[in-house]
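*Asks:* For the sequence shown, the tail end lands on 243 under my numbering, and the numbers increase by one without skipping. Just so it is clear, CB atoms sit at the ideal spot from N, CA and C, and this is done for glycine as well.
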Amino acid sequence: MHSRQWMTMNVALLAAAIFMGWKLYGEWRGANQRYEALAEAEVTAQTALTPEWAQRATPPLEQLAAGNVFSADRGQAQPDDATSTAMPPEPVVIGTMNLGKNYEALMTSGGSASGQGMKRVKAGEEFGGYTVAEIQDHQVVLEFAGQRKTVSVYQSSRPVRRAQTPAQAATPVVESSTGQQPAAGQATAAPPRPATATPATAAPVPGDYAGDPNTKAYVEGNRIRIETETPFGKMVRYEDIPK
1 MHSRQWMTMN VALLAAAIFM GWKLYGEWRG ANQRYEALAE AEVTAQTALT
51 PEWAQRATPP LEQLAAGNVF SADRGQAQPD DATSTAMPPE PVVIGTMNLG
101 KNYEALMTSG GSASGQGMKR VKAGEEFGGY TVAEIQDHQV VLEFAGQRKT
151 VSVYQSSRPV RRAQTPAQAA TPVVESSTGQ QPAAGQATAA PPRPATATPA
201 TAAPVPGDYA GDPNTKAYVE GNRIRIETET PFGKMVRYED IPK
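1) In angstroms with no decimal places, state the Cα-to-Cα distance between residue 94 and residue 140.
2) From the DSSP output, in three-state form, read off residue 134 for me.
3) Could you name the residues of the same chain whose beta carbon sits closer than 7 Å to that of residue 204, not counting the 5 residues immediately before and after it, in chain order?
4) Could you work out which residue in 213, 34, 109, 123 is closest to residue 101 when comparing CA atoms only?
5) Please decide whether residue 153 counts as near chain D, where near means a Cβ-Cβ distance under 7 Å.
6) Helix, strand or coil: which one does DSSP assign to residue 224?
7) How would you label residue 106, buried or exposed, when you count the other beta carbons within 10 angstroms and need 16 or more for buried?
8) Do you know whose CA, among 222, 136, 214, 239, lies nearest residue 229's CA?
9) Buried or exposed for residue 130, please, with buried defined as at least 16 other CB atoms from any protein chain shown within 10 angstroms of its CB.
10) Give me the Cα-Cα distance between residue 119 and residue 137, rounded to the nearest whole angstrom.
11) From residue 233 to residue 121, what distance separates their C-alpha atoms?
12) For the beta strand (DSSP E) that contains residue 144, what are its first and last residues?
13) Hey, out of 103, 23, 142, whose CA is closest to residue 88's CA?
14) What's the C-alpha gap between residue 91 and residue 127?
15) When you compare the CB positions of residue 96 and residue 135, do they come within less than 7 Å of one another, or not?
16) Count the other CB atoms within 10 Å of the CB of residue 151; is the residue buried (16 or more) or exposed (fewer)?
17) Helix, strand or coil, according to DSSP, for residue 7 in the structure here?
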């Protein structure tokens, strides 16, 4: 009898504990749902009260400073630095060499550095800011920033001469029309020199060129084609016919 009472009491306590746990879980779940509903209502209220212009994202300060209010193309995309970079001076192609399976070109710098830094280059190498895309018999294809240009040996191969210093202007000579002797320190007119005719230079004919048996010269149109046999193959260059 005594043990039956204890068993009944334990079952009642267990049922009460289960009921209280279920009740606590229900309260916790209901509180979470109420909090979520209140948060959504608060966000909706703030969005409704905020004007449309205030909801837009603010652009960076650099973008605002770059946009000129008085410019006609304001708001348009600006070109990248890579596309706006100016092309370097065009190199000078002295000649090309056929080495059997591939070509090599003898090139020098162009622009203000013309005639300096002669170098043998192959296809795929860089020279003077350009990439040598292709080497052919009488021309070289250069590439820069996705753009290609062809440099012909006929157009760029000329004897490279250093710039000569211009002669200083002669001091003006004052000649007196009277028969009196010029005063001390006064310049006198120098007697004119007879004009001398400069002999014309004859154009070279096919055969040995400049006394080198390994060099041959041929006249092609208004230019001279010069072929030189080298240990690396035949080197071809062109020069103007002397006038």
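*Replies:* On the basis of the data shown:
1) Working through the sequence shown from its first residue, we reach residue 94 at position 94. Working through the sequence shown from its first residue, we reach residue 140 at position 140. Taking the straight line joining both Cα atoms gives about 11 Å.
2) Taking the sequence shown and counting its residues from 1, the one referred to as residue 134 is at position 134. It is a strand residue.
3) Within the sequence shown, numbered from 1, the residue matching residue 204 stands at position 204. Any reading at residue 204 must be qualified, since the residue scores a pLDDT of 46, below 50, and its modelled position is unreliable; no value is offered.
4) On the sequence shown, position 101 is the one that residue 101 refers to. Nearest C-alpha to residue 101 among 213, 34, 109, 123: 123.
5) Looking for chain D here will not work: only one protein chain is present.
6) Within the sequence shown, numbered from 1, the residue matching residue 224 stands at position 224. In the three-state reduction of the DSSP assignment, residue 224 falls in the strand class, which pools E and B.
7) Within the sequence shown, residue 106 is the residue found at index 106, counting from 1. Buried, since its Cβ has 16 or more Cβ neighbours within 10 Å.
8) Reading the sequence shown from its first residue, position 229 is the one you call residue 229. Per the Cα distances, 214.
9) Residue mapping note: residue 130 aligns to position 130 of the sequence shown, counting from 1. By the 10 Å Cβ count, residue 130 comes out buried.
10) Sequence index remark: in the sequence shown, residue 119 carries index 119 (1-based). Sequence index remark: in the sequence shown, residue 137 carries index 137 (1-based). Taking the straight line from one Cα to the other gives about 18 Å.
11) The count along the sequence shown starts at 1 and reaches residue 233 at position 233. The count along the sequence shown starts at 1 and reaches residue 121 at position 121. In a straight line, the C-alpha of residue 233 is about 15 Å away from that of residue 121.
12) Position 144 of the sequence shown, counted from the first residue, corresponds to residue 144. Here the beta strand (DSSP E) through residue 144 covers 139–144.
13) As a working mapping, residue 88 is identified with position 88 in the sequence shown. Among 103, 23, 142, the Cα nearest to that of residue 88 is on 142.
14) Taking the first residue of the sequence shown as 1, we reach residue 91 at position 91. Taking the first residue of the sequence shown as 1, we reach residue 127 at position 127. For residue 91 and residue 127, the gap between their C-alpha atoms comes out near 8 Å.
15) Residue 96 sits at position 96 when you count from the first residue of the sequence shown. Residue 135 sits at position 135 when you count from the first residue of the sequence shown. It is a contact, given that the beta carbons lie within the stated cut-off.
16) The sequence position of residue 151 within the sequence shown is 151, counting from 1. It is buried - the Cβ of residue 151 has at least 16 other Cβ atoms within 10 Å.
17) Against the sequence shown, residue 7 aligns to sequence position 7. Residue state, collapsed to three classes: helix.
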